[in-house]
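Some notes on the structure that comes next.
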Amino acid sequence: MKRPNIDYRKLAAYKGQTLLAKEILEICGYSPNTGINDTFLAQNKIITPILGTYPTQWFVSQDWGFYGL
52 MKRPNIDYRK LAAYKGQTLL AKEILEICGY SPNTGINDTF LAQNKIITPI LGTYPTQWFV
112 SQDWGFYGL
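Count the sequence shown with this note's numbering and you get residues 52 to 120, in order.
Structure representation (structure tokens):
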């Protein structure tokens, strides 16, 4: 089985913006069946959910310092 080519650097173009979970998975190369909360991005607070009014949208953090992105 071939491993997917996951590339977080593509998401850097969207710093400070809100995106749908599906869009984030597509940009980074994840399978659409992947749970967004299970990704490196969510676990390390690179993306955070916008709860309440827009529960399906995620905010892409502007400060990725440690990850070099």
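For glycine and all other residues, C-beta sits at the position ideal for the given N, C-alpha and C.
Compute the distance between the beta-carbons of residue i and residue j, then report whether it is under 7 Å.
| i | j | result |
| --- | --- | --- |
| residue 61 | residue 78 | yes |
| residue 101 | residue 111 | no |
| residue 86 | residue 56 | no |
| residue 113 | residue 69 | no |
Measure the C-alpha to C-alpha separation of residue i and residue j and round it to an integer number of angstroms.
| i | j | result |
| --- | --- | --- |
| residue 94 | residue 88 | 7 Å |
| residue 106 | residue 82 | 21 Å |
| residue 59 | residue 96 | 13 Å |
| residue 64 | residue 92 | 15 Å |
Count the other CB atoms, across all protein chains shown, that sit within 10 Å of the CB of residue i; report buried if there are 16 or more and exposed otherwise.
| i | result |
| --- | --- |
| residue 90 | buried |
| residue 72 | buried |
For residue i, does the three-state DSSP call read helix, strand or coil?
| i | result |
| --- | --- |
| residue 78 | helix |
| residue 102 | coil |
| residue 94 | helix |
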